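Residue numbers (UniProt numbering): 1 to 535.
The beta carbon of each residue, even a glycine, is placed where N, CA and C say it ideally should be.
This structure is a prediction, so every number in the text was calculated from the model and none was measured.
Right, one structure below, let's go through it.
This is the structure:
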């Protein structure tokens, strides 16, 4: 394969070889254009004749050099813009990243860390005393490894930071949402956007690869803050993005284009408030369950839970319009409502939702007033149940992946609550700090373990060990707030987003095994019998 330098050299050689010929032709033509009378008047070797010829040659050389320079620039530009050159750069970038991050990536994938081989010495030097010294060094290294293993066995469970996804574009932006690709476990979508109205800045959605933590694979910029992201299940190349202004956009991450293939900006049914969450859901078309269709569901501060179907564009249909619970229902009979207590809006702003893992006709919706409503896609006029326990906006609801009648919620009231589907009262409540809890996530490997992110710290709870204190606490740096958490799918790692645009990747170290603690109480009754197999 010819390199850029080879092409450059051959191009210069071709130009320089033709230079004398060009000079002779142009010189001859310039002489031919001189009138005969003027030529007769000029004597050979006169000063005027020499100066004229010198200036002509200088002009010709300048023209040729300028032409060569322009041709070189055009040629270099063509090489830099060629698809083959970009592909080679991409492969080289991957190799460099793997070399730089090899120990961290190996720890993430739970693979042995490769060590640099030491240069071998000639056999002549390894005889006699030198051979004994080498054997002693090997023994010392083995003893040190045993000591390190013994020390690690006594170290409590902790989070080991591996790296963070961040770059100049994300600096200072708030991480609002995280989503793994449904097919490629190395591809992560991150949304950047502030939660408060006065804090609004530009928005950003990025696709990061585990293979390159230093720069995103795809960048989608927006004047509005990004509030939610999620990859499609049936078409994993489609990324849905929700914005603070109520717009929903769908991007094709296989394409290099940063223009959405679909968006709701021109739709008359677009949301009128921030889209706080969106998710692709597969639902059964018929009674057999073999035929499935995928819909995009969103919840907004305008009080609507909507489903979007891709046809010619994005068609919208409301699953539910959330209503506020009126205070008059709690008053004693005969007591009239005062004029000042009239509600400004009957709509209750929606904050989050969670579809049941098995029965996708049932879903939970969290509201700004602190209630969690159990709803059905078949009924849009009333709730099936209402779970009351939080005193502030509910920010996240997640079903337990192993025990399908248990779910978890977090709120601005500082609390995390475990619920049982058949009981509208809290099963277990956690209030470890006096800070807003923004996000929660169940572990994909245990029904007892979950993570919570609040303004000051990230907590890992293991309910087999304690229901009073978290197993691991990782405190945020001064001025930084933790905003999102997400477990890795296939490894013992946790991703944590913060208010400064970083998504840190932590490895869970020295986590207790099942045999370390076997409970014999209500927690074991709730979560234990079905904790071995996912639902």
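Taking the Cα of residue 497 as reference, the smallest distance to any Cα among 282, 438 and 91 is reached at 438. It is roughly 20 Å from the alpha-carbon of residue 103 to the alpha-carbon of residue 489. The residues 361, 362 and 384, in chain order, have a CB closer than 7 Å to that of residue 376 in the same chain once the five nearest residues on each side in sequence are set aside. A residue is called buried when at least 16 other Cβ atoms come within 10 angstroms of its Cβ; residue 315 does not meet this threshold and is exposed. Bridge pairing for residue 379: 376 [DSSP]. In this structure, residue 371 lies away from residue 399, with their beta-carbon atoms at least 8 Å apart.
Cβ neighbours of residue 373 within its own chain (closer than 6 Å, five residues either side excluded): 365, 383 and 386.
Across the set 114, 442, 269 and 203, the C-alpha of 442 shows the shortest separation from the C-alpha of residue 485.
Using a Cβ distance threshold of 8 Å, residue 431 and residue 415 count as a contacting pair.
Distance from the CA atom of residue 272 to the CA atom of residue 182, rounded to whole angstroms, is 29 Å. If you draw a straight line from the Cα of residue 92 to the Cα of residue 478, it comes to about 38 Å. Per DSSP, the beta-bridge partners of residue 441 are 451. Of the residues 216, 367, 291 and 156, the one whose Cα lies closest to the Cα of residue 168 is 216.
Across the structure, residue 405 and residue 379 are spaced so that their CA atoms are roughly 21 Å apart.
Nearest in C-alpha terms to residue 234, of all of 242, 310 and 244, is 310. If you check the CB distance, residue 390 and residue 417 come in under 8 Å. Per the C-alpha coordinates, the member of 475, 505 and 449 positioned closest to residue 466 is 449.
Pairing residue 256 with residue 97 gives a Cβ-Cβ distance that is not under 8 Å. Judged by DSSP secondary structure, residue 103 falls outside any beta strand (DSSP E) and instead within the alpha helix (DSSP H) spanning 102-108. According to DSSP, residue 477 shares a beta bridge with no other residue. Around the beta carbon of residue 434, fewer than 16 other beta carbons lie within 10 angstroms, which makes this residue exposed. From the listed residues 428, 422 and 189, the smallest Cα separation to residue 468 is found for 428. Taking residue 452 as reference, the option from 241, 408 and 388 with the minimal CA-CA separation is 408. Residue 305 is positioned such that its CB atom lies no closer than 8 Å to that of residue 278.
Looking from the CA of residue 218, the closest CA among 196, 260 and 202 belongs to 260. Beta-bridge partners assigned by DSSP to residue 508: 159. Here residue 295 is actually not in contact with residue 353; their C-beta atoms are around 13 Å apart, not less than 8 Å. Spanning the alpha carbons of residue 194 and residue 68 requires a straight line of approximately 53 Å. 8 Å or more divides the Cβ of residue 226 from the Cβ of residue 179. Inclusion of residue 242 and residue 275 in the CB contact set at 8 Å is warranted, their separation being smaller than that value.
Straight-line measurement puts the Cα of residue 463 at about 9 Å from the Cα of residue 470. DSSP lists 297 and 317 as the beta-bridge partner residues of residue 307. With contacts defined as CB atoms closer than 8 Å, residue 501 and residue 229 fail to qualify as a contacting pair. With respect to residue 403, residue 447 sits close: the two C-beta atoms are nearer than 8 Å. Taking the C-beta atoms as reference points, residue 270 is found no nearer than 8 Å to residue 282.
Residue 111 is positioned such that its CB atom lies no closer than 8 Å to that of residue 507.
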